[in-house]
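One line per chain: the protein sequences are Y and S, in this order.
For what it's worth, this note's numbering labels the leading residue of the first sequence as 1, then goes sequentially.
For what it's worth, this note's numbering labels the leading residue of the second sequence as 278, then goes sequentially.
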Amino acid sequence: MIRGGDLAERLRVNLGAVSARARVRIVASYRERSWIVGETIFPFLTMSAFVLAYRGLKAPPVYEAFVVLGGAMIAYWNNVLWSMASQFFWEKEQGQLQLYLITPVSRMSILLGMALGGIAMTTSRAAVILAGGALLFHIHFPVDRVLPAFGLFLLTLAAVYSLGMILSSLFLMWGREAWYTATLFQEPIHLLSGFYFPVRALGTAVGSFAALLPVTLGLDGIRQIFYGPAAHGLVPLVWIPPIQVGLLSLFLYLAHRSLATMENLGKREGRLTLRGG
Amino acid sequence: MKRVLEVIRAGSWLGWQVEANWADPFLFFVYSVVKPLATTLILFLMVRVVSQGHATAEAFVFLFLGNTFFLYVSEVLIGISWAVFRDREDYETLKYIYTAPLHLLPYLLGRGMTKMATATLGVIVAFLFGRFVLGLPIGAVGTPWGLLVLATALGLISVAGLGIGLAGTSLVVARHSINLNEGLTGLFYLLSGAIFPIEMLPGWAQSISLALPFTYWLELIRRLVTGRTFAAPLERYSNGELWLILIAATAMISVAAWVWFRGCEYRARAGGLIDVKTNY
Numbered sequence: 001m002i003r004g005g006d007l008a009e010r011l012r013v014n015l016g017a018v019s020a021r022a023r024v025r026i027v028a029s030y031r032e033r034s035w036i037v038g039e040t041i042f043p044f045l046t047m048s049a050f051v052l053a054y055r056g057l058k059a060p061p062v063y064e065a066f067v068v069l070g071g072a073m074i075a076y077w078n079n080v081l082w083s084m085a086s087q088f089f090w091e092k093e094q095g096q097l098q099l100y101l102i103t104p105v106s107r108m109s110i111l112l113g114m115a116l117g118g119i120a121m122t123t124s125r126a127a128v129i130l131a132g133g134a135l136l137f138h139i140h141f142p143v144d145r146v147l148p149a150f151g152l153f154l155l156t157l158a159a160v161y162s163l164g165m166i167l168s169s170l171f172l173m174w175g176r177e178a179w180y181t182a183t184l185f186q187e188p189i190h191l192l193s194g195f196y197f198p199v200r201a202l203g204t205a206v207g208s209f210a211a212l213l214p215v216t217l218g219l220d221g222i223r224q225i226f227y228g229p230a231a232h233g234l235v236p237l238v239w240i241p242p243i244q245v246g247l248l249s250l251f252l253y254l255a256h257r258s259l260a261t262m263e264n265l266g267k268r269e270g271r272l273t274l275r276g277g
Numbered sequence: 278m279k280r281v282l283e284v285i286r287a288g289s290w291l292g293w294q295v296e297a298n299w300a301d302p303f304l305f306f307v308y309s310v311v312k313p314l315a316t317t318l319i320l321f322l323m324v325r326v327v328s329q330g331h332a333t334a335e336a337f338v339f340l341f342l343g344n345t346f347f348l349y350v351s352e353v354l355i356g357i358s359w360a361v362f363r364d365r366e367d368y369e370t371l372k373y374i375y376t377a378p379l380h381l382l383p384y385l386l387g388r389g390m391t392k393m394a395t396a397t398l399g400v401i402v403a404f405l406f407g408r409f410v411l412g413l414p415i416g417a418v419g420t421p422w423g424l425l426v427l428a429t430a431l432g433l434i435s436v437a438g439l440g441i442g443l444a445g446t447s448l449v450v451a452r453h454s455i456n457l458n459e460g461l462t463g464l465f466y467l468l469s470g471a472i473f474p475i476e477m478l479p480g481w482a483q484s485i486s487l488a489l490p491f492t493y494w495l496e497l498i499r500r501l502v503t504g505r506t507f508a509a510p511l512e513r514y515s516n517g518e519l520w521l522i523l524i525a526a527t528a529m530i531s532v533a534a535w536v537w538f539r540g541c542e543y544r545a546r547a548g549g550l551i552d553v554k555t556n557y
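Here it is in structure tokens:
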């Protein structure tokens, strides 16, 4: 049985771990000026290529808005993949993973810190994409609907980063295949999540499968909030927040179980440190 | 020269081991072709869904060829500079390169060879997918395959040159500046007209586009594969002129990249950055 004093102490230590892990990323991001350029201006240019391609294809203007919103959301998904899911792999490569394991804090606290720091890092990228889309390409975002869209966006981020925690536990076990596996989760997810066009265009069966990903649902919902029926939504908007809450709870539970299981398995199989030879 | 070739060969072998020896060849093949196939499918569906019937078959061929061959740029450009971060921070071997009787530049070129090989695999599979699954009118009888290989090789030299320049930059910046390298790839994706005609760019951006070798490279490849011109601002150039521009640009990039790399390398050594760790 945990006494009140112990619980308070554990909470304090874990919150300290969350704050410390997040702080490293936030401070590091803004200390490196090259990062700011690489993380904000250049991704915007990639998104611009797609807007121009859409114009070349004579797509309806609302599709340009879709691709801008998708471009902002891609930034978070890529952050989940490369700076959260695969982070333990990088830490293992550098011999730092064992330092995490000997600390008296929950792995989920460390991951939560990574997530919060990662969100702070990525928000500048997403903000530049949205602002650039609005200012340079005259993409219209209905201002009166920003608040509900932002609420759904926050809920989506929580679910997406919880999924990142589960992926992180899997990557804990992997070696160099982690790099390729992350790639495997990148472009195909860009396709399945409807980053570039409404996911309903993939058909009901594929779309329903894709809707298991919180990023798909979130993007679908945000587009519906902004553009109504023109968004060609996959799932009715009223269903999306409760589904996201359900996914968030499920993913957090699975992440907790999976991290413990994978860590134990990793210890038994000696996969938590680098092997020579 | 013989020594340089030996170092390139050793770097290639090491790069191959780092990239591929964790998996059996079939699994590695699958991992290597997923990305190009996924991007091809994204474009295919994008054209079908987004254009709502307005796009012509030629428009898709334009997108397809640009996107497929641009794989070389994204893979090799990022691959060479990423090798610096991997060796410096993950394997902590970069400092040992300096204690060995070799120069860093040919070693990094060798590391880039692996990425060239995997990118080539991806391009070939995507090309075959486009030809036989999507039924695109590419690779017909009469396609000058020899010239296509030559043009691809020339483009690769210029990509490798830029990769070396970026590797130099990587020596003096933190690990997460890999975003800078990915971002530059995005910049080239935009300005070289990989997926849309460059005449859609504003005038100032077109001027930059016309200063990039990749713009001419992609146009030349499209012409060799389909036999027709695509980018309106390049219509006035014959194929021979495109070759000459590409050769001149490649030579200039190679020299500039070498000078830049040497400058960055000196700065990294002077600043004690050869064994710095920046994984935040």
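Every residue, glycine too, gets a C-beta built ideally from N, C-alpha and C.
Being a predicted model, the structure only gives us computed values, none of them experimental.
Can the beta-carbon of residue i be found closer than 8 angstroms to that of residue j?
i              : j              : result
L342 (chain S) : R499 (chain S) : yes
L52 (chain Y)  : M477 (chain S) : yes
K58 (chain Y)  : S328 (chain S) : yes
P198 (chain Y) : V160 (chain Y) : no
L155 (chain Y) : V18 (chain Y)  : no
V311 (chain S) : P148 (chain Y) : no
L81 (chain Y)  : F185 (chain Y) : yes
A210 (chain Y) : L202 (chain Y) : yes
F491 (chain S) : F465 (chain S) : yes
G389 (chain S) : I357 (chain S) : yes
A297 (chain S) : L348 (chain S) : no
G463 (chain S) : F42 (chain Y)  : yes
I285 (chain S) : L386 (chain S) : yes
S168 (chain Y) : F88 (chain Y)  : yes
G117 (chain Y) : A22 (chain Y)  : yes
T216 (chain Y) : S193 (chain Y) : yes
L439 (chain S) : A534 (chain S) : yes
L381 (chain S) : I374 (chain S) : yes
F141 (chain Y) : I222 (chain Y) : no
In chain Y, which residues lie less than 8 angstroms from residue i when you measure between Cβ atoms?
i              : result
T316 (chain S) : E187
Report the option in the options whose CA atom is closest to the CA atom of residue i.
i              : options                        : result
T204 (chain Y) : Y:T181, Y:L212, Y:F226, Y:L234 : Y:L234
L135 (chain Y) : Y:F44, Y:G218, Y:V215, Y:F89   : Y:F44
V227 (chain S) : S:F339, S:R546, S:S484         : The structure shown does not extend to residue 227 (chain S), since chain S spans only 278 to 557, so no value can be given for it.
G288 (chain S) : S:L433, S:L379, S:Y308, S:L304 : S:L379
G432 (chain S) : S:G407, S:G330, S:L354, S:V311 : S:L354
E335 (chain S) : S:G389, S:I472, S:A394         : S:I472
N78 (chain Y)  : Y:T122, Y:G117, Y:V143         : Y:T122
L443 (chain S) : S:V284, S:G540, S:G399, S:F339 : S:G540
L314 (chain S) : S:G440, S:N516, S:F346         : S:F346
A20 (chain Y)  : Y:D6, Y:Y100, Y:S193, Y:L248   : Y:Y100
V68 (chain Y)  : Y:A127, Y:R107, Y:S106         : Y:A127
I74 (chain Y)  : Y:T46, Y:P61, Y:E91            : Y:T46
Starting from residue i, trace the alpha helix (DSSP H) in both directions and tell me its first and last residue.
i              : result
T376 (chain S) : No alpha helix (DSSP H) contains T376 (chain S), which DSSP labels as neither H nor E.
M108 (chain Y) : 107-136
A287 (chain Y) : There is simply no residue 287 (chain Y) to check, as chain Y begins at 1 and stops at 277 in what is shown.
Q96 (chain Y)  : Unbroken run through Q96 (chain Y): none, as it is neither H nor E.
I222 (chain Y) : 214-227
V436 (chain S) : 422-449
F404 (chain S) : 381-405
M173 (chain Y) : Premise fails: M173 (chain Y) is in no alpha helix (DSSP H) and is neither H nor E.
A525 (chain S) : 516-547
R286 (chain S) : 279-297
M477 (chain S) : M477 (chain S) -> no alpha helix (DSSP H), and no H or E assigned at all.
W239 (chain Y) : Element bounds for W239 (chain Y): n/a, residue is neither H nor E.
P490 (chain S) : 490-503
E187 (chain Y) : 187-192
A315 (chain S) : 302-327
F42 (chain Y)  : 42-56
How would you list, in chain order, the residues of chain S whose beta-carbon sits under 7 angstroms from the beta-carbon of residue i?
i              : result
S48 (chain Y)  : L467
Y283 (chain Y) : Lying before the first or after the last residue shown, residue 283 (chain Y) is absent from chain Y, which here runs from 1 to 277.
Y180 (chain Y) : Y308
Could you list which residues in chain Y have their beta carbon closer than 7 angstroms to that of residue i, in chain order?
i              : result
V324 (chain S) : L57
H331 (chain S) : L57, K58
Check whether the Cβ of residue i lies closer than 7 angstroms to any heavy atom of the ligand MG, and answer yes or no.
i             : result
S83 (chain Y) : The ligand MG is absent from the structure shown, which contains no ligands of any kind.
What does residue i touch in chain S if you count any residue whose Cβ is under 8 angstroms from its own?
i              : result
T183 (chain Y) : Y308, V311, K312
V199 (chain Y) : What V199 (chain Y) touches in chain S: nothing, since even the nearest Cβ is about 10 angstroms away.
P142 (chain Y) : In chain order: nothing, as chain S lies at least about 22 angstroms away.
Interface residues of chain Y around residue i at Cβ under 9 angstroms?
i              : result
P383 (chain S) : Those within 9 angstroms of P383 (chain S) in chain Y number zero; the least Cβ separation is about 24 angstroms.
A336 (chain S) : G56, L57
Taking only runs that begin and end inside the stretch 331-373 of chain S, name each unbroken alpha helix (DSSP H) of 4 or more residues, in chain order. Uninterrupted alpha helix (DSSP H) stretches at least 4 residues long and entirely within the stretch 331-373 of chain S occur at 334-362, given in chain order.
Can you list the alpha helix (DSSP H) stretches of 4 or more residues lying completely in the stretch 248-276 of chain Y, in chain order? The qualifying runs do not exist here; there are none.
Could you tell me which whole alpha helix (DSSP H) segments of length 4 or greater appear in the stretch 63-94 of chain Y? Every alpha helix (DSSP H) of 4 residues or more that sits fully in the stretch 63-94 of chain Y is shown, in chain order, as 87-93.
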